[in-house]
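**Student:**
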Amino acid sequence: MSRSAYNDELPRTAANFQPLTPLAFLERTARTFPERVAVVHGGQRTSYSAFFARCRRLASALEKRGVGIGDTVSVMLANTPPMLEAHYGVPMLSAVLHAINTRLDAAVIAFQLDHAESNVVIVDREFSAVMAEALKRSARKPLVIDFDDPEYPPDAPAAKGERIGTLDYEALLAEGNPDFPWRMPADEWDAISLNYTSGTTGDPKGVVYHHRGAALMCYANALAGNMGPGQTRRDIVYLWTLPMFHCNGWCFPWAIAAVAGTHVCLRWVRARAIYAAIAEHGVTHLCGAPVVMGTLVNAPEADKRPFAQTVEFLTAAAPPPEAVLAAMAAAGFGVTHVYGLTETYGPAVVNEWKGEWDSLDAAGQAARKARQGVRYPALEDLGVFDPETMRPVPADGETLGEVFFRGNIVMKGYLKNPSATAAALKDGWFHSGDLGVLHPDGYIQLKDRSKDIIISGGENISSIEVEEALYKHPAVAVVAVVAKPDGTWGESPCAFVELKPGAIATADELIEHARKNLARYKVPRAIVFAEIPRTSTGKIQKFRLREMAKGS
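Counting from 252, one number per residue, gives the positions in the sequence shown under our numbering.
#1: Can you list, in chain order, the residues of its chain whose CB lies under 6 Å from that of Val381, leaving out five sequence neighbours each side?
#2: For Lys698, does the three-state DSSP call read helix, strand or coil?
#3: Look at the alpha carbon of Arg308 and the alpha carbon of Glu531, and state the distance between them as a whole number of angstroms.
#4: If contact is defined by three or more beta carbon pairs under 8 Å, each pair taking one atom from either stretch, is the segment 493 to 503 in contact with the segment 349 to 356?
#5: Does the distance from the C-beta atom of Glu426 to that of Ala312 stay below 8 Å?
#6: Which residues in the same chain as Ala383 place their Cβ atom closer than 6 Å to its Cβ, once the five residues preceding and following it in sequence are excluded?
#7: Tell me Glu653's beta-bridge partners as DSSP assigns them.
#8: Determine the burial state of Gly476: buried for a count of at least 16 other Cβ atoms within 10 Å of its Cβ, exposed for fewer.
#9: Using only the alpha-carbon positions, how far apart do Glu798 and Val732 sit?
#10: Only counting the same chain, and skipping five residues up and downstream in sequence, which positions put a Cβ closer than 7 Å to that of Ser298?
#11: Give me, in chain order, the residues of the same chain whose beta-carbon lies closer than 8 Å to that of Gly648; leave out the 5 immediate sequence neighbours on both sides.
#12: Tell whether a beta-carbon distance below 8 Å holds between Ala361 and Ser379.
#13: Which of the three DSSP states, helix, strand or coil, is assigned to Phe284?
#14: Can you grab the Cα-Cα spacing for the pair Pro405 / Ala524, in whole Å?
#15: Does DSSP put Arg308 in a helix, a strand or coil?
#16: Thinking C-alpha only, which one of Asp454, Phe794, Lys751, Ser707 is nearest Lys723?
#17: Should Arg642 and Phe681 be called a contact, given that it needs their Cβ atoms to be closer than 8 Å?
#18: Does the distance from the CB of Gly457 to the CB of Leu666 come in under 8 Å?
#19: Go ahead and pull the three-state DSSP assignment for Tyr808.
#20: Taking only the alpha-carbon atoms, compute the straight-line gap between Thr535 and Gly585 and give it to the nearest angstrom.
#21: Measuring CA to CA, which of Ile373, Ala266, Phe431 is closest to Met343?
#22: Just checking my contact of Trp608 with Arg622 at CB under 8 Å: how many whole Å lie between their CB atoms?
#23: Rank Thr448, Asp375, Trp519 by C-alpha distance to the C-alpha of Pro408 and give the top, closest one.
#24: Around the C-beta of Phe794, are 16 or more other C-beta atoms found within 10 angstroms, so that it is buried, or is it exposed?
#25: By the 10 Å Cβ neighbour count, where 16 or more other Cβ atoms means buried, how is Gly738 classified, buried or exposed?
#26: Buried or exposed: which applies to Asp632, given that a residue is buried once 16 or more other Cβ atoms fall within 10 Å of its Cβ?
#27: Between the Cα of Ile396 and the Cα atoms of Arg771, Ala367, Met334, which residue gives the shortest distance?
#28: Here's a check: name, in chain order, each residue in its chain whose Cβ is nearer than 8 Å to the Cβ of Arg771, leaving out the five neighbours to either side.
#29: What's the C-alpha gap between Thr561 and Glu260?
#30: Going along the chain, which residues of its own chain have a beta-carbon closer than 6 Å to the beta-carbon of Glu742, five neighbours each way excluded?
#31: Among all the DSSP beta bridges, which residues are the ones paired with Leu386?
#32: What are the boundary residues of the beta strand (DSSP E) that Asp397 is part of?
#33: Going by DSSP, which residues form a beta bridge with Tyr447?
#34: Which ranges does the alpha helix (DSSP H) cover as unbroken runs of at least 4 residues, wholly within the segment 545 to 584, from first to last along the chain?
#35: CA-CA distance, Val324 and Val459?
#36: Let me know the secondary structure DSSP gives His497 once reduced to three states.
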């Protein structure tokens with residue numbers, strides 16, 4: 252039979268080919284389970300039918316305000332209902348959602364608004380002061396919408412900021428049509444969201460996700476997180492301890508709709524609130540960095556609440572210490588270790604636990620749990636290669652190589668940065684810059700990062716950005732920043748400093764200087780005055796500094 256008979260004579264049509272998009276999950280669940288609770292926020296309960304209507308109202312109102320295909324809508328929101336609604340309402344217009352890290356400083360936010368060419372900004376009043384400063388620095392003049400959270404607690408650590416927008420979020424939704432005929436993407440390759448990552452330099456890169464990748468991540472999350480109703484025989488209740496601005500919450504804002512689950516919003520990650528949510532709402536799943544596990548297991552007994560269900564916890568970044576894993580299991584949590592990058596929609600590797608490992612002693616189990624694992628169900632290929640030859644390293648658990656990804660959950664590329672995109676996707680693979688080994692059973696394990704990125708509390712910090720801030724101090728001659736192990740945050744910035752001849756500066760003075768130039772979470776927790784080791788050509792030896800930092 253000719254090849255054309257299987258191709259030309261069997262064409263794609265609207266009947267047999269539709270672009271993949273996670274937006275379809277919400278419509279299906281709203282039609283199937285209209286009265287099921289979709290969102291819990293404080294005293295608020297929103298059904299799936301009402302949630303779907305609110306998302307369409309947002310899409311309709313934004314369209315009336317001039318937002319269209321390919322426009323950027325930036326949001327600076329906590330884990331609240333408007334953040335969930337933005338994940339649907341914005342792409343329902345074929346516009347692109349840009350979720351801003353709420354911990355950033357005004358200068359970086361302004362850069363992102365300009366680079367993304369933001370048309371609209373929706374901002375929670377908790378963050379209005381820093382956003383107001385960013386808007387002053389930005390060349391953009393977007394429509395600014397305030398979100399005034401009615402569930403903002405009276406005992407909050409900070410009072411609400413001033414209103415800086417032209418109208419309120421609820422007033423915007425009131426302009427919209429709850430029956431708005433939302434649009435499927437014209438092409439599943441169309442952009443759905445934009446996430447910035449600091450990469451290896453102080454200039455953020457705009458990582459672009461497409462509808463296809465986001466949809467496939469939803470299926471993969473359900474499998475990796477044991478979320479399918481047929482598997483668990485229980486309703487899925489997901490607690491938002493992972494910031495939704497981080498890789499679009501690993502695509503869980505969309506994945507929860509795919510399994511008809513309930514979102515439980517959480518503005519701040521606090522042990523008492525987490526335990527209360529688990530006990531009162533029957534939480535079954537949550538995600539987060541190891542710092543969240545530390546928050547849970549080290550909480551005062553007065554903050555803890557008993558619960559009957561096992562809570563599945565997906566954690567990324569550094570592998571959890573054995574003692575923390577044991578404490579989590581004793582507390583009723585089942586921990587799954589995942590690994591990925593912003594460029595892979597979040598987790599793209601999972602430590603699939605094998606039943607036969609249960610018989611290993613504690614040291615043997617800890618060794619297995621330290622591995623990052625195998626490819627996610629939605630990832631087509633994963634390898635550890637020699638980056639110069641692109642040949643796989645031996646699967647001996649010892650030979651170091653770079654970790655490479657290939658598949659539909661790899662980003663489209665970096666926005667308006669073709670050279671960086673070409674370099675990252677060279678040779679048909681995404682070059683992670685992470686260094687690791689391949690074990691005989693096919694599991695990978697990270698050993699180092701070729702990009703000198705510090706991962707603190709699950710957030711990436713560019714060492715170069717921190718160095719640049721410290722270099723602005725008049726007494727600093729040379730500075731090098733590396734990751735220092737941190738029992739709470741996993742890693743934190745440690746700065747090694749050489750002062751100019753005759754200059755005087757204290758560690759406290761430099762830390763205070765850094766606070767004025769950086770977001771708080773990027774400020775070094777340690778300053779070490781020492782001669783900085785260099786190669787014969789003058790290059791700073793950061794591997795030696797990392798060893799020195801462990802003992803500082």
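C-beta: ideal position from N, C-alpha, C; glycine also. From a predicted model like this one, the values you see are computed outputs, not experimental measurements.
**Tutor:** Taking the coordinates as given:
#1: The sequence position of residue 381 within the sequence shown is 130, counting from 1. Taken in chain order, the residues that qualify are Ala357.
#2: The sequence position of residue 698 within the sequence shown is 447, counting from 1. Strand.
#3: For the purposes of this step, residue 308 is taken as residue 57 along the sequence shown, with counting starting at 1. For the purposes of this step, residue 531 is taken as residue 280 along the sequence shown, with counting starting at 1. Looking at the two C-alpha atoms, the distance is approximately 30 Å.
#4: Taking 8 Å as the limit for Cβ pairs, the verdict is that the segment 493 to 503 does touch the segment 349 to 356.
#5: Translated into the one-based positions of the sequence shown, residue 426 becomes position 175. Translated into the one-based positions of the sequence shown, residue 312 becomes position 61. Yes, Cβ-Cβ distance for Glu426 and Ala312 is below 8 Å.
#6: Taking the sequence shown and counting its residues from 1, the one referred to as residue 383 is at position 132. So the qualifying residues of the chain are Ile415.
#7: Taking the sequence shown and counting its residues from 1, the one referred to as residue 653 is at position 402. BP columns for Glu653 point to Phe636, Leu686.
#8: If you number the sequence shown from 1, residue 476 lands on position 225. Burial call: buried.
#9: Locating residue 798 in the sequence shown gives position 547, counting from the first residue. Locating residue 732 in the sequence shown gives position 481, counting from the first residue. Taking the straight line joining both Cα atoms gives about 12 Å.
#10: Counting from 1 along the sequence shown, the entry for residue 298 is found at position 47. The residues are Pro285, Glu286, Arg287, Val288, Ala289.
#11: As a first step, residue 648 is located in the sequence shown; it is residue number 397 there, counting from the start. Only Val688, Leu689, His690, Pro691, Gln696 meet the Cβ criterion.
#12: For the purposes of this step, residue 361 is identified with residue 110 of the sequence shown, where counting begins at 1. For the purposes of this step, residue 379 is identified with residue 128 of the sequence shown, where counting begins at 1. Cβ distance not < 8 Å, so Ala361 and Ser379 don't count as in contact.
#13: Along the sequence shown, read from residue 1 onward, the residue named residue 284 stands at position 33. Phe284 falls in the coil class under three-state DSSP.
#14: Taking the sequence shown and counting its residues from 1, one reaches residue 405 at position 154. Taking the sequence shown and counting its residues from 1, one reaches residue 524 at position 273. Computed Cα separation, rounded: 15 Å.
#15: Here residue 308 refers to the residue found at position 57 of the sequence shown. DSSP places Arg308 in helix when its eight states are reduced to three.
#16: To locate residue 723, count along the sequence shown from 1; it is residue 472. Lys723 has its Cα closest to that of Lys751, out of Asp454, Phe794, Lys751, Ser707.
#17: Here the question's residue 642 lines up with position 391 in the sequence shown. Here the question's residue 681 lines up with position 430 in the sequence shown. Judged by beta-carbon spacing, Phe681 lies beyond the 8 Å limit of Arg642, meaning their Cβ atoms are not closer than that value.
#18: Along the sequence shown, one-based indexing puts residue 457 at 206. Along the sequence shown, one-based indexing puts residue 666 at 415. Closer than 8 Å, so yes.
#19: The question about residue 808 has no answer here: the residues shown for the chain are numbered 252 through 803.
#20: The residue given as residue 535 occupies position 284 in the sequence shown. The residue given as residue 585 occupies position 334 in the sequence shown. Their backbone Cα atoms lie some 10 Å apart in a straight line.
#21: Position 92 of the sequence shown, counted from the start, is the residue given in the question as residue 343. Checking every option, the nearest Cα to that of Met343 belongs to Phe431.
#22: What you label residue 608 is simply residue 357 of the sequence shown in a count that begins at 1. What you label residue 622 is simply residue 371 of the sequence shown in a count that begins at 1. Not confirmed; about 11 Å, so no contact.
#23: Along the sequence shown, read from residue 1 onward, the residue named residue 408 stands at position 157. Comparing Cα-Cα distances from Pro408 to each of Thr448, Asp375, Trp519, the minimum goes to Trp519.
#24: As a working note, residue 794 is residue 543 in the sequence shown. So Phe794 ends up on the exposed side.
#25: Here residue 738 refers to the residue found at position 487 when the sequence shown is read from its first residue. Exposed, since its Cβ has fewer than 16 Cβ neighbours within 10 Å.
#26: By 1-based counting over the sequence shown, the position of residue 632 is 381. Asp632 should be labelled exposed.
#27: Taking the first residue of the sequence shown as 1, we reach residue 396 at position 145. The candidate whose alpha carbon is nearest that of Ile396 is Met334.
#28: The residue you call residue 771 lines up with position 520 of the sequence shown. Contacts found: Arg354.
#29: Taking the first residue of the sequence shown as position 1, residue 561 is located at position 310. Taking the first residue of the sequence shown as position 1, residue 260 is located at position 9. Each residue's alpha carbon lies about 52 Å from the other.
#30: Here residue 742 refers to the residue found at position 491 when the sequence shown is read from its first residue. Cβ neighbours of Glu742 beyond the five flanking positions: Ile705, Ile706, Ser707, Ala734.
#31: Locating residue 386 in the sequence shown gives position 135, counting from the first residue. In DSSP, Leu386 forms no bridge with anything.
#32: To locate residue 397, count along the sequence shown from 1; it is residue 146. Here the beta strand (DSSP E) through Asp397 covers 394 to 398.
#33: As a position in the sequence shown, residue 447 is number 196, starting the count at 1. In the DSSP assignment, Tyr447 is bridged to Gly457.
#34: 573 to 582
#35: Against the sequence shown, residue 324 aligns to sequence position 73. Against the sequence shown, residue 459 aligns to sequence position 208. Straight-line Cα distance between these residues: approximately 14 Å.
#36: In the sequence shown, counting from the first residue as 1, residue 497 sits at position 246. Coil at His497, not helix or strand.
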